[in-house]
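Here the structure is laid out as C-alpha cells; the discussion comes afterwards.
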Amino acid sequence: MTYSTEKLSEEKVFKDPVHRYVHVRDRVIWDLVGTKEFQRLRRIKQLGTTFLTFHGAEHSRFTHSLGVYEIVRRMIDDVFDGRPEWDHDDRLLTLCAALLHDLGHGPFSHAFEKVFDFDHEDFTRAIILGDTEVNKVLQHVGSDFPEKVAEVIAKTSPKKLVVSMISSQIDADRMDYLQRDAYFTGVSYGQFDMERILRVMRPREEQVVIKKSGMHAVEDYIMSRYQMYWQVYFHPVSRSAEVILTKILHRAKQLFKEHYLFKYEPLHFFSFFRENVTLEDYLKLDEAVIMYYFQIWQEEADPILSDLCRRFVNRNLFKYAEFDPAKEYKKMAELNALFIQAGIDPDYYLVVDSSSDLPYDFYRPGEEEERLPIHLLMKSGELREFSRESEIVDAISGKRRTDHKLYYPADFLADETTAGEIKKQIRSLLE
Amino acid sequence: MLKDHAKLMQAIMVSGEIVGRKKLQKMIYIAKKIHFPFNDRFQFHFYGPYSEELTTRVEELCNMGFLNEIKEKKGGYFQYRYTLTESGKEFLSLNEVEMPFLEDCFQDMNKQNARFLELVSTVLFFDELPREEVKNKVFTLKSSQRYTEAEIEEAYRYIESLRAKVQ
Numbered sequence: 001m002t003y004s005t006e007k008l009s010e011e012k013v014f015k016d017p018v019h020r021y022v023h024v025r026d027r028v029i030w031d032l033v034g035t036k037e038f039q040r041l042r043r044i045k046q047l048g049t050t051f052l053t054f055h056g057a058e059h060s061r062f063t064h065s066l067g068v069y070e071i072v073r074r075m076i077d078d079v080f081d082g083r084p085e086w087d088h089d090d091r092l093l094t095l096c097a098a099l100l101h102d103l104g105h106g107p108f109s110h111a112f113e114k115v116f117d118f119d120h121e122d123f124t125r126a127i128i129l130g131d132t133e134v135n136k137v138l139q140h141v142g143s144d145f146p147e148k149v150a151e152v153i154a155k156t157s158p159k160k161l162v163v164s165m166i167s168s169q170i171d172a173d174r175m176d177y178l179q180r181d182a183y184f185t186g187v188s189y190g191q192f193d194m195e196r197i198l199r200v201m202r203p204r205e206e207q208v209v210i211k212k213s214g215m216h217a218v219e220d221y222i223m224s225r226y227q228m229y230w231q232v233y234f235h236p237v238s239r240s241a242e243v244i245l246t247k248i249l250h251r252a253k254q255l256f257k258e259h260y261l262f263k264y265e266p267l268h269f270f271s272f273f274r275e276n277v278t279l280e281d282y283l284k285l286d287e288a289v290i291m292y293y294f295q296i297w298q299e300e301a302d303p304i305l306s307d308l309c310r311r312f313v314n315r316n317l318f319k320y321a322e323f324d325p326a327k328e329y330k331k332m333a334e335l336n337a338l339f340i341q342a343g344i345d346p347d348y349y350l351v352v353d354s355s356s357d358l359p360y361d362f363y364r365p366g367e368e369e370e371r372l373p374i375h376l377l378m379k380s381g382e383l384r385e386f387s388r389e390s391e392i393v394d395a396i397s398g399k400r401r402t403d404h405k406l407y408y409p410a411d412f413l414a415d416e417t418t419a420g421e422i423k424k425q426i427r428s429l430l431e
Numbered sequence: 001m002l003k004d005h006a007k008l009m010q011a012i013m014v015s016g017e018i019v020g021r022k023k024l025q026k027m028i029y030i031a032k033k034i035h036f037p038f039n040d041r042f043q044f045h046f047y048g049p050y051s052e053e054l055t056t057r058v059e060e061l062c063n064m065g066f067l068n069e070i071k072e073k074k075g076g077y078f079q080y081r082y083t084l085t086e087s088g089k090e091f092l093s094l095n096e097v098e099m100p101f102l103e104d105c106f107q108d109m110n111k112q113n114a115r116f117l118e119l120v121s122t123v124l125f126f127d128e129l130p131r132e133e134v135k136n137k138v139f140t141l142k143s144s145q146r147y148t149e150a151e152i153e154e155a156y157r158y159i160e161s162l163r164a165k166v167q
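These protein sequence lines map, in sequence, to chains A and B.
Residue 1 is where the first sequence starts when you use full-length UniProt numbering, and the numbers rise one by one after that.
Residue 1 is where the second sequence starts when you use full-length UniProt numbering, and the numbers rise one by one after that.
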C-alpha cells in the first residue's frame, strides 16, 4: 500500500454541527489536518466582522474547510464512485483541494487584501508549494502532487470536473458556507436540502450537472444564496465594522509612510506596509495578533487611528444612510467640504460602501460566457441552463439589485461643542 | 468617492462603445496587468480571467443610470453593448481619475475581437511561467478555442505593443 492509498486503522470523526460528522479514513487527509498551516485556520473567522452583528458568527475557516472536505467526500464516495464519467484516481486530489481551498486566507482577509493589495490565492499557492508542513505531506504523495492540488484550487487545472466540485455556481464551498453561516448566525434563510442535491448531482467531462428531477432542491439553494447575501453578508452593521476595519489599516499604512513614531512598534505589519510580505511573515498573522494591535493602538497619539480602533474594539460603529450615487453625488461633494470645515477627515469618516465591495455573489446564468452556469440534465440527455427551466430562478437572476450606503460617525456630528452650526448642516443633509 | 466606478467609466468613455461583457472583462484585466490602476479582483474561470466585482460594478453603473446597456440577440445568445450616458459623463467630469495613455490603449484593445483578447488575457494570467509552459496552458485549458502557436506569438507581440504605449 502506498501513502496515497493508506487508510487509518480506525476511521476518525469530527463532530460537526452542520454535517453531524466529518469522516476521515485517508492517512493523507489526517496528516494535512495536523499541519500547522491548516491548524492556523482555527484562528481566522469565516465571516470576519459579522460577529459584531450576529454574535454567534465566531466559526472559523478551519471548520468550514473540514465541511467542504466532507461534502466532496460524500459526493465522491456516495454518488460518483463507480460512474463511468468519474475517474477514481482523482479522489485524493479532489479531497486535498477541498480541504485546502481556503488555506491562504489571512485575518479579515478581504479588508487586508484591499488595503495591502495582494490576493490570498497567491498565498494558498505559496503555502502548498513552499517550505511548509502541508507541502511535505503532499510531496509524500508524489513530487508533482502539490502543483496539481494548487492548480485545482486556482481553477487552472485541466481537470475541469474536479475544479467544478470545489468552485462553481453549485459547489461544495458554497453549500458548506451557506449552511454553516446560517447555523452560526442563527438565521433561518440558509436552509436547503443538501442531501437531495448531492443525490441528483452527476459528473460530466467539464462540470457537475444536476438531474432535472432535482431542480426544486437547487431552487432552494439559489434562493438561500440570495437571502443570505442581503440578510447576512451585506448587513449594514457588519459592513460598518468592515468600513472601520479597512480605515484602521489605511490609517496605519499612511502613518507608516509619513514616518509616524508608533508608541508600540507594529512589527507584524512592517512587511505589509513595505509591500514585501514573505510567506513566513504572512503565516505569523492571525486575528488574535490583529486584535492585539487594535487594542494597543487605542492608546496611540494619532487621534484618527486611536479613535477608529476604539470604535472597532468597543463596537461603537458608524451609522449609515441610504445613498443613491446617481442622484446624490453632488450632495456628496458638499458633505465632503462640510466635513473638512468641521475638522473631521472625510477620507476616514465619510465612506460610501457598495455591493461591489462585497466578496459574495448571486447566481448568474452565464450569458456571454462570463461564468459557467448550472446545467440541468434533461431526460433526453440534453443540458439546459438552469434559469431557462426554473421560473423562480429566472425571476431573481434577471433582476439586478445593487445597493450603496453612506457611513459616518453620528456621535461626532452630534457633539456640537465645536463647529456646531456646520455639524447641524451636515446632519440635515444626511437625514 | 466611487473612484473604482469612475475608472471603469473612463475606460468605457475613451473606448466609445464596448460590445460584449466578455470583451469588457478582458480589456480591464489586460489594462490592470499592464499597470493601469484598476482594483478589481480577477480569478481564472472557465473562460479565462473574470472578475465578479467588475460584473457587479457594471450592474451598479447601469442601475445608477451612468452606463447605457443594450441587450441584443445574436444567434443563439445575447450580447450587451455599453456606452456612457450623459449623466455618466457629467459625473465623470466631476470625478475624473488621471490615467495617462488610457485612451490609446483602450481604443487599440477595442479594435481587437473578444476571442483574441481572451487569449491575450490568458497569456497574461500565466505571465510568470516560461513561454513554452504558457503555450501548454493555452492548449489544455483553452482547447475548445483551438488557438494556434502563431496566435499565441501574436498575443505576446500585442502585449509588448501595449506595454510600449504606456512607457
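Heads up, the beta-carbon is just placed ideally off N, CA and C, and yes, glycines get one too.
Taking C-alpha positions only, F318/A is separated from F412/A by approximately 10 Å. With a threshold of 7 Å between beta carbons, G48/B makes no contact with chain A. Secondary structure of L335/A (DSSP, three-state): helix. Neighbours of Y329/A across chain B, judged by C-beta separation under 8 Å: M1, L2, F91, L94, N95. Not a single CB atom of chain A sits nearer than 7 Å to the CB of T83/B. L372/A reaches chain B at H45, F46, Y47, counting residues in chain order whose Cβ is nearer than 9 Å.
Separation of the CB atoms of Q227/A and V18/A is rounded to 17 Å, and the pair is thereby denied contact status at 8 Å. In the assembly as shown, P49/B is a buried residue. Its beta-carbon has 16 or more other beta-carbons within 10 Å.
Cβ neighbours of M13/B within its own chain (closer than 6 Å, five residues either side excluded): L84.
If you check each beta-carbon in the segment 127 to 161 of chain B against every beta-carbon of chain A, the ones closer than 8 Å belong to K137, T140, L141. Between F116/B and A11/B, the beta carbon gap of about 18 Å keeps them out of contact (Cβ cut-off 8 Å). Judged by beta-carbon spacing, R204/A lies beyond the 7 Å limit of E382/A, meaning their Cβ atoms are not closer than that value.
Residue-level contact check: T5/A does not touch chain B, since none of the beta carbons of chain B fall below 7 Å from its beta carbon. Taking a Cβ-Cβ cut-off of 7 Å, the neighbours of R41/B in chain A comprise D119, given in sequence order. Residues of the segment 58 to 87 of chain B whose Cβ lies closer than 8 Å to any Cβ of chain A, in chain order: E59, E60, C62, N63, M64, G65, F66, Y77, F78, Q79, Y80, S87. Judged by beta-carbon spacing, E72/B lies within the 7 Å limit of Q79/B, meaning their Cβ atoms are closer than that value.
The contact set of K155/A on chain B, defined by CB atoms closer than 9 Å, consists of Q43, F44, H45, F46 in chain order.
Among the residues of the segment 8 to 33 of chain B, those with a Cβ less than 9 Å away from any Cβ of chain A are G20, R21, K22, K23, Q25, in the order of the chain. The segment 128 to 142 of chain A makes no contact with the segment 170 to 187 of chain A, as fewer than three CB pairs between them are under 8 Å. Three or more Cβ pairs drawn from the segment 214 to 231 of chain A and the segment 191 to 201 of chain A lie within less than 8 Å of each other, which places the two stretches in contact. Taking C-beta separations shorter than 7 Å and ignoring five residues to either side along the sequence, the partners of K23/B in its chain run A114, L117, following chain order. Going by C-alpha positions, K211/A is about 36 Å away from D31/A. For the C-beta of E52/B, the chain A residues within less than 7 Å are, from N- to C-terminus, D361. Pairwise C-beta distances place the segment 230 to 237 of chain A out of contact with the segment 269 to 288 of chain A, as fewer than three of them are shorter than 8 Å. The three-state reading of DSSP puts M378/A in coil, since its state is none of H, G, I, E or B. Under the three-state reduction of DSSP output, D353/A falls in the strand class.
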